[in-house]
Amino acid sequence: MKKVLAGIFSLAILFSLGACGNSETKSADSKSADSHSHMEMNHSGSSEVPKGMKKESNPKYKTGSQVVIHADHMEGMNGAKATVKAAYATTVYAVNYKPVTGGAEVKNHKWVVQEEIKGAGNKALKPGTKVTLEANHMEGMKGASAEIVSSKKTTVYMVDYTPANGGEKVTNHKWVTEDELSAK
């Protein structure tokens, strides 16, 4: 009888875990106080980019290049093998924002590009600047009030990758910076 009950309990746990793992989203690494949950992050997305984005004319990693990701924006990203889909010249920002859907403030979200900030124009924004996000990387992000934490002018990449810890392939992930990649 104990074996039957243990088996039923095990199946119940597996079904519960399977329901969590079967969604389109995955949870994030929360290794530091600055990291935050990406449970509602749109991992796979459209290859469409914001209006005004300019392709990088001479990127370090060309479209189709095989690279390794060295960033932990999401669980399984660090060490993942990826394929470059596109490269753009822009300014990227880490931001703190309060989701329009409610909940806790998201701290140090990486990355939002210049073209995903309402009315940003062409001038780089300074840390502390209050902005409205047009990015839709996570649920509640589009239309959210945010504060710029940091910025840098760089090449950003859209990539397809399979998480290093296994799982479903992520397509058209936006954004990874050039210094977060290395040749495979």
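Using our numbering, you'd call the opening residue of the sequence shown number 128 and step up by one each time. Heads up, the beta-carbon is just placed ideally off N, CA and C, and yes, glycines get one too.
If you pair each beta-carbon of the segment 239 to 255 with each one of the segment 275 to 294, do three or more pairs fall below 8 angstroms?
-> The segment 239 to 255, when compared against the segment 275 to 294, does touch it at the 8 angstroms Cβ threshold.
Are at least three pairs of beta-carbons, each pair with one atom in the segment 285 to 302 and one in the segment 212 to 231, less than 8 angstroms apart?
-> yes
Please work out which residues of its chain come closer than 8 angstroms, Cβ to Cβ, to Y224, disregarding the five sequence neighbours upstream and downstream, and give them in chain order.
-> E232, V233, H236, L260, M268, A271, S272, A273 and E274
Are G206 and A291 close, meaning C-beta to C-beta below 8 angstroms?
-> yes
What are the start and end residues of the beta strand (DSSP E) that includes I120?
-> Residue numbering for the chain in the displayed model covers 128 to 311; residue 120 lies beyond these limits and cannot be assessed.
Using a threshold of 8 angstroms, state whether the C-beta atoms of T218 and K311 are closer than that.
-> no
S278 lies in the beta strand (DSSP E); which residues open and close that run?
-> For S278, the uninterrupted beta strand (DSSP E) segment begins and ends at S272 to T289.
Relative to the C-alpha of G255, which residue among G172, G246, Q193 and Y220 is closest?
-> Y220
Would you kindly work out how many angstroms separate the C-alpha atoms of E307 and T289, rounded to a whole number?
-> Within the model, the alpha-carbon separation for E307 versus T289 is close to 16 angstroms.
Could you give the distance in angstroms between the alpha-carbon of G293 and the alpha-carbon of K208?
-> Near 11 angstroms, if we compare the C-alpha coordinates of K208 and G293.
In DSSP terms, what L308 is bridged to = I196
Got a sec, what are the start and stop residues for the beta strand (DSSP E) N235 sits in?
-> Note, N235: beta strand (DSSP E), V233 to V240.
Chain-order list of residues whose beta-carbon lies under 8 angstroms from that of V195 (same chain, five-residue window excluded) = G206, A207, K208, A209, L308, S309, A310 and K311
Thinking C-alpha only, which one of G248, K250 and G230 is nearest E266?
-> E266 has its Cα closest to that of G230, out of G248, K250 and G230.
Taking only the alpha-carbon atoms, compute the straight-line gap between N263 and A247 and give it to the nearest angstrom.
-> 16 angstroms
From G203, A216 and S174, residue whose alpha carbon lies closest to that of N185 | Shortest Cα-Cα distance from N185 to any of G203, A216 and S174 involves A216.
Spell out the partners DSSP gives K181 in its beta bridges.
-> A216
Measure how close the beta-carbons of V286 and V303 come, nearest whole angstrom, since I'm counting them as under 8 angstroms.
-> 6 angstroms
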